[in-house]
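Step one of this worksheet: look at the structure below.
2 protein chains.
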Amino acid sequence: MPTTTEPAIDLTAAAACAAGCAPAEGLPAAQAEQLAALLKALADPVRLRLYTRIAATTGETCVCDLGDFGVSQPTVSHHLRKLREAGLIDSERRGTWVYYSAVPTALAPLTPLLNG
Amino acid sequence: MPTTTEPAIDLTAAAACAAGCAPAEGLPAAQAEQLAALLKALADPVRLRLYTRIAATTGETCVCDLGDFGVSQPTVSHHLRKLREAGLIDSERRGTWVYYSAVPTALAPLTPLLNG
Chain P
300 MPTTTEPAID LTAAAACAAG CAPAEGLPAA QAEQLAALLK ALADPVRLRL
350 YTRIAATTGE TCVCDLGDFG VSQPTVSHHL RKLREAGLID SERRGTWVYY
400 SAVPTALAPL TPLLNG
Chain A
300 MPTTTEPAID LTAAAACAAG CAPAEGLPAA QAEQLAALLK ALADPVRLRL
350 YTRIAATTGE TCVCDLGDFG VSQPTVSHHL RKLREAGLID SERRGTWVYY
400 SAVPTALAPL TPLLNG
């Protein structure tokens, strides 16, 4: 009796697919587009550090507290703008300083990712 | 009595920072680098759909079930390789087909992001 198990597994998988696989569902296309944009906004080390510092603050974070990430002020401003455009933070200018706060529900689209 | 509140707020903020602000902590640099790489691997609509379908499956997902995302098979293979390189999925070839499964703890680095 032949013991060629690999072809047997092949045939089983092929037969199962030929008979119509019932794949599990993943994220729908529209939801995946939205979540990918959010993740892209966060997928930078400096933006992550800026965002998590702002999010960890009760109330607002003064831009004067966001200068210690080893990048220039224009770079900080660029990253803050990206975070704002993605809906992750809000900003408000009051006089000399701009104040930032995390948008409370902004990370809600990540939930399905973590719940499988 | 003047009612120019904006300069008053300016002075308060400036005085507070001059006296030494105590900013909230964000992610440390090394952790931010690691998390940014993980988020970058997920920050694509097709990769998100592939990953969430694989993660939603109990056990393994045959590559033969990952062909309905409106992209070519080489593109699917490219995205699956990116997910594997990021440590999000494992793969095993058995005969004709490759089988994918989600790495259970791969999304753990996202937890601090969601917990503030």
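Residue numbers (my numbering), protein chains in the order written: chain P, 300 to 415; chain A, 300 to 415. Yeah, the Cβ is synthetic: ideal placement off N, Cα and C, and Gly gets one too. Bear in mind that the values here come from a model prediction, so they are computed numbers and not experimental data.
Consider the Cβ of A:LEU338: report whether some Cβ of chain P lies at a distance smaller than 8 angstroms.
yes
Among P:ALA329, P:ARG393 and P:VAL375, nearest to P:TYR350 - alpha-carbon criterion:
Of the listed residues, the one whose Cα sits closest to P:TYR350 is P:VAL375.
Go through the segment 365 to 403 of chain A residue by residue and report every complete run of the alpha helix (DSSP H) that reaches 4 residues or more, in order.
372 to 384
According to the neighbour-count rule (16 or more other Cβ atoms, all chains shown, within 10 Å of its Cβ), is P:THR360 buried or exposed?
With 16 or more other Cβ atoms within 10 Å, it is buried.
Could you check where the alpha helix (DSSP H) with A:THR351 kicks off and where it finishes?
For A:THR351, the uninterrupted alpha helix (DSSP H) run begins and ends at 344 to 355, by DSSP.
Alpha carbon to alpha carbon, how far is A:SER371 from P:ALA340?
27 angstroms
Nearest-angstrom Cα distance between P:GLY325 and A:ARG348?
5 angstroms
Using a beta-carbon distance below 8 angstroms, is A:LEU427 in contact with chain P?
Here chain A has residues from 300 to 415 only, and residue 427 of chain A is not among them.
Exposed or buried, what is P:ASP367 when buried is set at 16 or more other beta-carbons lying within 10 Å of its beta-carbon?
Around the beta carbon of P:ASP367, fewer than 16 other beta carbons lie within 10 angstroms, which makes this residue exposed.
Please report whether the beta-carbon of P:ALA355 lies at a distance below 8 angstroms from any beta-carbon of chain A.
yes
Considering only the alpha carbon of each residue, which of P:ALA336, P:THR356 and P:ARG346 lies closest to P:SER400?
P:THR356
Cβ atoms of A:ALA385 and A:LEU334: under 8 angstroms apart, would you say?
no
Is the beta carbon of P:ARG352 closer than 8 angstroms to that of A:ALA323?
yes
Could you compute how far the alpha carbon of A:GLN330 sits from the alpha carbon of P:LEU387?
Cα to Cα, A:GLN330 sits roughly 20 angstroms from P:LEU387.
Cβ shell of P:VAL397 (< 6 angstroms), same chain only, five flanking positions each side left out
The answer, listed in chain order, is VAL362 and SER390.
Kindly indicate if chain P contains any beta-carbon less than 8 angstroms away from that of A:ARG383.
no
Rounding to the nearest angstrom, what Cα-Cα distance links A:ALA354 and A:LEU382 in this structure?
12 angstroms
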